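**Student:**
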Amino acid sequence: MKDANPSGMVNGMKVPSPRMEGLVTPVLPKPGWIRVRMPSGDTWKQVSLILERYRLHTVCDEARCPNKGECWGAGTATFMLMGDICTRSCRFCAVATGREGHPLEQGEGEGIARAAEELGLRYVVLTSVDRDDLHDRGAGHFASCVGAIKDRLPGVKVEVLIPDYTEAELSSLLRAAPDVIACNVETVRSLQWIRDRRASFDKTLACLRAAKSGGAPVTKSSLILGFGEKQDEVLSAMDELRAAGVDILVMGQYLRPTAKQLPVAEYLSPEQFEDYAEEGRRRGFSAVVSSPLARTSYHALDTANIAFAPGGGTSGTGGNSA
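Add 563 to a position in the sequence shown, counting from 1, and you land on the number used in the numbering used here.
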């Protein structure tokens, strides 16, 4: 595999580092393979109405996900728990930040369960803002929401994309028995400075290990590419994730949400994403999703089915998910 960024240079300029993060970097034009589908059709409107009825937030809206049009058009959404204010501030994320989030809504899990029932979902994905202002950082609320969904819809599988919870914080969530637990390292070790200072590669790995050792059937993590990472760093991150027992790997292109976030350092081609997918397959991940528009919950049902199947496998980018 050819190194997409062998010298740390992009368009003749050095990629920002912790010591250079104040430099102005060029705004790269989006290549032709970045095609974001706009929401349209009656199904999309129905999803929007249901979410409004139950006053639910989605990561599709709050993080400005490029797949909103495709997923909502297919009648699916990824629910975001605990409000729309995050107590952390990562330099690539568009979610609003603050020192404290909104008070928790005790009926949030039941609202999500009702919405999932109306949407006819077979697979529900829950994520959240970070809530460092709460004593357990929201782990107990996650658990109650998983429980509410499974009580109302016993045949539905639930995936949770969680903050970097400690082993103690994870205990209540593990008792609720989500089917997939995801926690994202986000980027390679050398670029962890783009995350909030309270986050780290090691904390995320520790969370994933604790989830697996605590009985999570499937674990999952994602890498965002295009910050200026080098090939050997991406491969090293894969190795560490596999060593932590991670089953599903997702890799997607960083797309700058607004001018307030970090600029894109590099656009990787679809061929480069496929090369990375092959590297992931070689390392033994049960399922790999690797494409420019891939995100953690993108086609989550398909990848989970592959991971749960005997022998695992590799996922492309087809099919519907929640």
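Think of the CB as a built atom: it goes at the ideal place given N, C-alpha and C, for glycine as much as any other residue.
Model, not experiment: these values are computed from the prediction.
1. By Cβ distance below 6 Å, which residues in the same chain neighbour S878 in space, the five residues on each side in sequence not counted?
2. How is S776 classed by DSSP in three states: helix, strand or coil?
3. Restricting to runs no shorter than 4 residues, where is the alpha helix (DSSP H) found entirely within the segment 802 to 878?
4. Which runs of the alpha helix (DSSP H) at least 4 residues long sit entirely within the segment 658 to 707? Give them in chain order.
5. Straight-line CA distance for L591 to V751?
6. So what does DSSP say about T650, is it helix, strand or coil?
7. Nearest-angstrom Cα distance between D802 and L736?
8. Would you kindly work out how many angstroms separate the C-alpha atoms of A872 and L697, rounded to a whole number?
9. At which residues does the beta strand (DSSP E) containing S753 begin and terminate?
10. From L768 to D714, what distance separates their C-alpha atoms?
11. What residues are listed by DSSP as bridge partners for E722?
12. Beta-carbon within less than 7 Å of D727's beta-carbon, same chain only, minus the 5 sequence neighbours each way: which residues are those?
13. First and last residue of the beta strand (DSSP E) that includes M645?
14. List the DSSP bridge partners of I787.
15. Taking the straight line between their C-alpha atoms, what separation do you get for R654 and D759?
16. With distance defined between alpha-carbon atoms, name the residue in F848, T641, A806 and F790 nearest to Q824.
17. Does the distance from the C-beta atom of T859 to that of V813 stay below 9 Å?
18. Could you pull the DSSP bridge partners for T729 from this structure?
19. To which residues of the same chain is E681 closer than 8 Å at the C-beta, ignoring the five residues directly before and after it?
20. Just how far apart, CA to CA, sit G701 and S832?
21. CA-CA distance, P579 and K783?
22. T660 and L724 - do their beta-carbons sit closer together than 9 Å?
23. Beta-carbon separation of I811 and F764 under 9 Å?
24. With a cut-off of 8 Å on the beta carbons, I'd call G808 and R772 a contact; round off their distance for me.
25. I need the straight-line Cα distance from M645 to D693, nearest angstrom please.
26. Taking only three categories from DSSP, how would you classify V590?
27. Anyone know if the C-beta pair for K720 and V748 falls short of 9 Å?
28. Helix, strand or coil for V748, going by three-state DSSP, please let me know.
29. Based on DSSP bridge pairs, tell me the residues matched to V797.
30. Would L954 and L733 qualify as a contact pair, given that the criterion is a beta-carbon distance under 9 Å?
31. On the DSSP bridge assignment, give the partners of V510 in chain order.
32. How should G664 be labelled, buried or exposed, when 16 other C-beta atoms within 10 angstroms of its C-beta is the threshold for buried?
33. How many Å lie between Y839 and L754 at the Cα?
**Tutor:** Looking at the coordinates:
1. At S878 the pLDDT is 47, less than 50, meaning the model places this residue with poor confidence; the figure from the coordinates comes in the next sentence. Result list for S878: A850, V852, D865, T866 and I869, in chain order.
2. helix
3. 833 to 845 and 863 to 871
4. 671 to 682
5. 21 Å
6. coil
7. 27 Å
8. 37 Å
9. First-last for S753: undefined, no H or E at that position.
10. 31 Å
11. V688 and V743
12. C746, A762, K766, T767 and C770
13. Per DSSP, M645 belongs to no beta strand (DSSP E) and is neither H nor E.
14. G815
15. 7 Å
16. F790
17. yes
18. None, per the DSSP bridge assignment.
19. I613
20. 38 Å
21. Note that P579 scores a pLDDT of 43, beneath 50, so its modelled location is shaky; the value from the coordinates is reported in the next line. One C-alpha to the other measures close to 28 Å.
22. no
23. no
24. 7 Å
25. 9 Å
26. coil
27. no
28. coil
29. Paired residue(s): none; V797 is not in a bridge.
30. Residue 954 lies beyond the residue range present for the chain, which begins at 564 and ends at 885; the question has no answer from this structure.
31. No statement about residue 510 is possible, as the shown extent of the chain runs from 564 to 885 and does not include it.
32. buried
33. 18 Å
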